[in-house]
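Have a look at the structure below before the remarks.
2 protein chains.
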Amino acid sequence: MIFSDNISGVKPSAIREIFKVLGDPTIISLAGGNPDPTTFPADKMATVAEELFAKNPSGSLQYGVTEGYAPLREQLANRMEQRFGIKREGNTTLVLTGGQQGIDLTTKVLCNPGDTVICEEPSFIGALNCFRTYGAKLRGIPMEDDGLNVEALETALKEEKRAKLLYLIPTFQNPMGVTMSLEKRKQVYALAVKYGITILEDNPYGELRFSGEEIPTIKSFDTEGIVVYCGSFSKILSPGIRIGFVSAPDEIAQKLVVAKQVTDVHTNIFFQMLVSGFLEKYDLDEHIESIRKLYKSKCECITNALDKYIPAEKFWRSSPEGGIFIYCRFFGEDAGVLSKKLVERKVAVVPGTAFNTDENAKTEYVRLNYSMPSYENIERGVKIIGEYLNGTN
Amino acid sequence: MIFSDNISGVKPSAIREIFKVLGDPTIISLAGGNPDPTTFPADKMATVAEELFAKNPSGSLQYGVTEGYAPLREQLANRMEQRFGIKREGNTTLVLTGGQQGIDLTTKVLCNPGDTVICEEPSFIGALNCFRTYGAKLRGIPMEDDGLNVEALETALKEEKRAKLLYLIPTFQNPMGVTMSLEKRKQVYALAVKYGITILEDNPYGELRFSGEEIPTIKSFDTEGIVVYCGSFSKILSPGIRIGFVSAPDEIAQKLVVAKQVTDVHTNIFFQMLVSGFLEKYDLDEHIESIRKLYKSKCECITNALDKYIPAEKFWRSSPEGGIFIYCRFFGEDAGVLSKKLVERKVAVVPGTAFNTDENAKTEYVRLNYSMPSYENIERGVKIIGEYLNGTN
Numbered sequence: 514m515i516f517s518d519n520i521s522g523v524k525p526s527a528i529r530e531i532f533k534v535l536g537d538p539t540i541i542s543l544a545g546g547n548p549d550p551t552t553f554p555a556d557k558m559a560t561v562a563e564e565l566f567a568k569n570p571s572g573s574l575q576y577g578v579t580e581g582y583a584p585l586r587e588q589l590a591n592r593m594e595q596r597f598g599i600k601r602e603g604n605t606t607l608v609l610t611g612g613q614q615g616i617d618l619t620t621k622v623l624c625n626p627g628d629t630v631i632c633e634e635p636s637f638i639g640a641l642n643c644f645r646t647y648g649a650k651l652r653g654i655p656m657e658d659d660g661l662n663v664e665a666l667e668t669a670l671k672e673e674k675r676a677k678l679l680y681l682i683p684t685f686q687n688p689m690g691v692t693m694s695l696e697k698r699k700q701v702y703a704l705a706v707k708y709g710i711t712i713l714e715d716n717p718y719g720e721l722r723f724s725g726e727e728i729p730t731i732k733s734f735d736t737e738g739i740v741v742y743c744g745s746f747s748k749i750l751s752p753g754i755r756i757g758f759v760s761a762p763d764e765i766a767q768k769l770v771v772a773k774q775v776t777d778v779h780t781n782i783f784f785q786m787l788v789s790g791f792l793e794k795y796d797l798d799e800h801i802e803s804i805r806k807l808y809k810s811k812c813e814c815i816t817n818a819l820d821k822y823i824p825a826e827k828f829w830r831s832s833p834e835g836g837i838f839i840y841c842r843f844f845g846e847d848a849g850v851l852s853k854k855l856v857e858r859k860v861a862v863v864p865g866t867a868f869n870t871d872e873n874a875k876t877e878y879v880r881l882n883y884s885m886p887s888y889e890n891i892e893r894g895v896k897i898i899g900e901y902l903n904g905t906n
Numbered sequence: 514m515i516f517s518d519n520i521s522g523v524k525p526s527a528i529r530e531i532f533k534v535l536g537d538p539t540i541i542s543l544a545g546g547n548p549d550p551t552t553f554p555a556d557k558m559a560t561v562a563e564e565l566f567a568k569n570p571s572g573s574l575q576y577g578v579t580e581g582y583a584p585l586r587e588q589l590a591n592r593m594e595q596r597f598g599i600k601r602e603g604n605t606t607l608v609l610t611g612g613q614q615g616i617d618l619t620t621k622v623l624c625n626p627g628d629t630v631i632c633e634e635p636s637f638i639g640a641l642n643c644f645r646t647y648g649a650k651l652r653g654i655p656m657e658d659d660g661l662n663v664e665a666l667e668t669a670l671k672e673e674k675r676a677k678l679l680y681l682i683p684t685f686q687n688p689m690g691v692t693m694s695l696e697k698r699k700q701v702y703a704l705a706v707k708y709g710i711t712i713l714e715d716n717p718y719g720e721l722r723f724s725g726e727e728i729p730t731i732k733s734f735d736t737e738g739i740v741v742y743c744g745s746f747s748k749i750l751s752p753g754i755r756i757g758f759v760s761a762p763d764e765i766a767q768k769l770v771v772a773k774q775v776t777d778v779h780t781n782i783f784f785q786m787l788v789s790g791f792l793e794k795y796d797l798d799e800h801i802e803s804i805r806k807l808y809k810s811k812c813e814c815i816t817n818a819l820d821k822y823i824p825a826e827k828f829w830r831s832s833p834e835g836g837i838f839i840y841c842r843f844f845g846e847d848a849g850v851l852s853k854k855l856v857e858r859k860v861a862v863v864p865g866t867a868f869n870t871d872e873n874a875k876t877e878y879v880r881l882n883y884s885m886p887s888y889e890n891i892e893r894g895v896k897i898i899g900e901y902l903n904g905t906n
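First to last, the sequence lines map onto chains A and B. The numbering of the first sequence is our numbering, which starts it at 514 and goes up by one. The numbering of the second sequence is our numbering, which starts it at 514 and goes up by one.
The following block contains the structure:
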């Protein structure tokens with residue numbers, strides 16, 4: 514069988530191999546990106562679901578429109594305006610099948626094979642692989658503690674003649690957990706305007722700040738209509754329901770609708786209505802506040818464990834102010850070898866290679882997740898990492 | 514804004530304009546493709562949903578695997594084998610976000626821009642537009658009462674040097690409502706093998722036979738592993754939940770998984786589990802039997818009305834043995850003009866132009882749907898069509 518050029522070049526994700534071992538219940542996984550399931554408001558969702566089945570089965574189970582359930586779109590536009598300063602005028606809100614679909618459709622409507630997508634390095638593997646399936650060339654910009662290196666971005670914008678899309682996770686970045694400063698956000702936006710590139714601002718973790726000050730989204734200063742903003746309910750309600758959304762400049766949004774229509778027609782309407790009912794009936798902010806408290810405490814648990822079990826001279830770690838990931842560099846360790854050695858010791862982590870534009874380049878970084886594992890497993894898992902690094906196991 | 518070459522060429526669907534008027538409650542719509550909402554088993558679905566929320570919230574709301582919920586995949590593979598003779602060996606069953614995603618992902622993994630997709634003419638507009646978004650060239654094969662013209666198919670296979678995909682809806686075809694004979698299915702399969710083309714067999718209506726004899730699927734004689742079979746729960750449970758599936762040769766299925774991973778990660782896991790629970794707890798065949806009875810009766814209603822209100826010499830109509838559509842040719846009428854005149858008279862139909870590979874070619878055909886409108890509206894709508902054709906309104 515001869516496959517399309519775009520798909521032929523894409524290998525199954527490098528971390529699939531790691532995720533395969535996660536079926537083993539004796540493995541402590543710090544590898545995933547799952548929210549803590551105790552944060553799913555199942556009882557409240559069940560209440561809204563019951564009402565939908567009873568009172569509006571013909572609406573909640575019938576075909577819907579591609580753009581999304583109108584009342585939910587309105588609620589989302591209001592929330593994005595109030596919480597994230599995203600203007601309604603000139604932008605269209607669409608409900609999508611998870612945040613991933615926002616990445617997919619934006620790439621589909623903007624990128625030809627051979628176009629360049631500029632991204633943070635490291636970045637979210639699901640986005641990088643998506644860009645690869647459209648034949649895009651990836652150009653990574655080195656990350657710093659306060660976001661990407663702006664000079665390197667400008668160099669890239671000068672050099673890449675076919676740069677089409679700038680993919681960013683400015684807040685609690687995956688995999689690093691770091692946040693781009695306001696100053697850099699403004700510089701990045703100005704460069705995007707100057708060089709005529711569209712920004713895809715991916716913000717799945719933006720509601721999960723547990724320390725420090727809120728920083729405005731890049732989309733909030735998008736006077737030129739060049740930013741597609743992508744959000745999701747995956748980390749604040751449930752990832753399994755696959756409800757995400759975009760706020761996109763009207764002209765881009767029209768094309769996203771054309772692309773979505775032939776991809777999945779529309780997003781599961783029952784859960785669009787359920788989320789809408791949830792937002793109307795319950796206090797989402799109160800719910801999010803409880804998630805923030807939990808993740809603050811779990812983040813403290815993992816940073817304390819890292820600092821306790823691993824000598825300071827052996828590693829560097831990021832200092833997340835929110836989100837679900839922390840990034841570590843273990844000096845002198847090859848992350849690929851390290852992650853294999855740790856799996857043998859029943860701890861799963863993701864080597865940084867997975868998040869790089871060149872998957873074959875060696876790195877000393879690994880990503881750890883603290884939202885999903887229990888406090889006990891965080892402590893035990895990090896202890897095992899420390900014992901390996903200290904040569905005591 | 515400069516969009517990708519593939520998307521730039523795609524116009525918003527011609528029938529979107531018609532669907533816009535459907536918000537008007539005084540319009541009788543024979544234009545849609547919706548199932549009758551009274552067929553949604555909402556009470557039973559509610560029972561399964563309640564159990565899921567109560568007993569397995571952390572499973573039903575958490576991230577799932579891209580391939581789909583394992584027990585549902587198993588149930589689907591069994592059902593496809595028993596009902597449709599589709600062998601499990603050599604094939605992989607995947608759960609998808611509606612049947613449309615099967616069309617989308619299959620095209621993505623197989624077709625380069627400039628490749629030809631051969632299809633029935635007329636065919637499903639959602640598929641044709643999907644092929645267009647991958648830059649595919651469309652080649653239509655004229656339809657007859659027992660499926661496409663096989664000689665024209667062989668000519669096309671000889672002429673189209675880059676023919677990559679053969680898209681077929683062999684059973685209760687959209688828009689015509691006709692079914693491909695067993696003899697033609699075998700001929701078409703043999704030609705596909707001979708010319709090395711992959712068949713995409715789309716079967717969203719296959720469970721809805723209300724007269725005549727069952728005919729085996731093309732996939733049931735796929736000894737060479739060249740058929741991707743696409744099914745859906747849209748017409749037998751609910752379209753709003755967006756649960757479809759494919760049975761694809763293993764090698765193709767692997768690539769479909771790679772493509773799906775970066776498109777929407779996985780299909781709504783809650784409804785995958787709900788459908789699985791429904792299949793376990795209730796008798797789907799009994800439920801389908803009730804839908805068949807209803808659609809048989811509604812189909813009789815529309816054929817009786819057509820034969821009653823429109824003189825035989827003025828039109829031809831297909832004779833569906835299942836499904837939800839009937840196709841009519843009104844001699845001497847331009848379908849585009851006719852559909853506009855009918856909207857003025859508060860009846861919506863879809864002109865055949867929408868289903869042709871060349872959307873600008875004039876046609877005398879229109880598609881009528883009988884699953885969604887009430888008996889009363891079917892009668893009233895067809896009466897109005899008759900009055901217009903007879904010049905009495």
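Here a beta-carbon is modelled for each residue, glycine too, at the ideal position from N, C-alpha and C.
Backbone secondary structure at residue i - three-state DSSP
i: G709 of chain B; result: coil
i: D715 of chain A; result: strand
i: P584 of chain A; result: helix
i: A703 of chain A; result: helix
i: K821 of chain B; result: helix
i: P762 of chain A; result: strand
i: Y647 of chain A; result: coil
i: N903 of chain B; result: coil
Interface residues of chain A facing residue i [CB-CB closer than 7 Å]
i: T610 of chain B; result: T610, D777
i: I520 of chain B; result: K621, V622, K768, V771, A772
i: Y576 of chain B; result: N547, P752, G753
i: N625 of chain B; result: S517, D518
i: G765 of chain B; result: Here residue 765 of chain B turns out to be Ile, not Gly, going by the sequence shown. Those are M514, listed as they occur along chain A.
Of the listed residues the options, nearest to residue i (C-alpha basis)
i: Y901 of chain B; options: B:A867, B:K827, B:M885; result: B:K827
i: L769 of chain B; options: B:I891, B:Q614, B:I728, B:C841; result: B:Q614
i: T776 of chain B; options: A:T610, A:K821, A:G545; result: A:T610
i: F637 of chain B; options: B:D715, B:Q588, B:A583, B:R596; result: B:D715
i: G660 of chain A; options: A:I682, A:Y647, A:K671; result: A:I682
i: E799 of chain B; options: B:E720, B:S832, B:A848; result: B:E720
i: N817 of chain B; options: B:I520, B:T551, B:Y742, B:G894; result: B:G894
i: R858 of chain A; options: A:P554, A:L543, A:Q686; result: A:L543
i: T521 of chain A; options: B:N625, B:K677, B:I891, B:Y822; result: According to the sequence shown, residue 521 of chain A is Ser rather than Thr. Comparing Cα positions, the closest option is B:N625.
i: A766 of chain A; options: A:G581, A:D628, A:D658; result: A:G581
i: S789 of chain A; options: A:G835, A:T560, A:P717; result: A:T560
i: V771 of chain A; options: B:A640, B:A567, B:G738, B:R601; result: B:A640
Under 7 Å from the C-beta of residue i: neighbouring residues of chain B
i: I782 of chain A; result: G753
Under 9 Å from the C-beta of residue i: neighbouring residues of chain B
i: D908 of chain A; result: A question about residue 908 of chain A goes unanswered here, because the residues of chain A that appear run from 514 up to 906.
i: V523 of chain A; result: K768, V771, A772, V775
Contacts that residue i makes with chain A (C-beta to C-beta distance below 8 Å)
i: T646 of chain B; result: K621, V771, A772, V775
i: Q613 of chain B; result: V775, T776, D777, V778
Listed by chain order, chain A residues near residue i by CB distance under 9 Å
i: N642 of chain B; result: V771, Q774, V775
i: P550 of chain B; result: P570, S571, G572, L574, Q575
Chain-ordered neighbours of residue i on chain B, where CB pairs are closer than 8 Å
i: F566 of chain A; result: A555, D556, M558, A559, A562
i: G639 of chain A; result: Q774, V775, V778
Within-9 Å CB hit, residue i to chain D
i: N547 of chain A; result: No chain D appears in the structure shown, which is made up of the protein chains A and B.
Residue i CB to nearest heavy atom of the ligand ATP below 8 Å
i: F843 of chain A; result: No copy of the ligand ATP occurs in the structure displayed, which carries no ligand at all.
- Item | Every unbroken alpha helix (DSSP H) within the segment 830-871 of chain B, with a cutoff of 4 residues, ordered by chain | DSSP runs (the alpha helix (DSSP H)) wholly in the segment 830-871 of chain B: 848-857.
- Sequence ranges, beta strand (DSSP E) only - wholly within the segment 563-625 of chain B, length at least 3: Those beta strand (DSSP E) runs which fall completely within the segment 563-625 of chain B and span 3+ residues are 604-609.
- Task: May I ask you to verify whether the segment 745-752 of chain B touches the segment 565-580 of chain A, counting CB pairs closer than 8 Å and requiring at least 3?
- Result: The answer is yes - the segment 565-580 of chain A touches the segment 745-752 of chain B, with three or more Cβ pairs under 8 Å.
- Query: What runs of the alpha helix (DSSP H), each 4 residues or longer, lie entirely inside the segment 736-801 of chain B?
  - Reply: 763-774, 782-794
- Item | Touching by the beta-carbon criterion (3+ pairs, under 8 Å), the segment 800-816 of chain A and the segment 876-895 of chain A | yes
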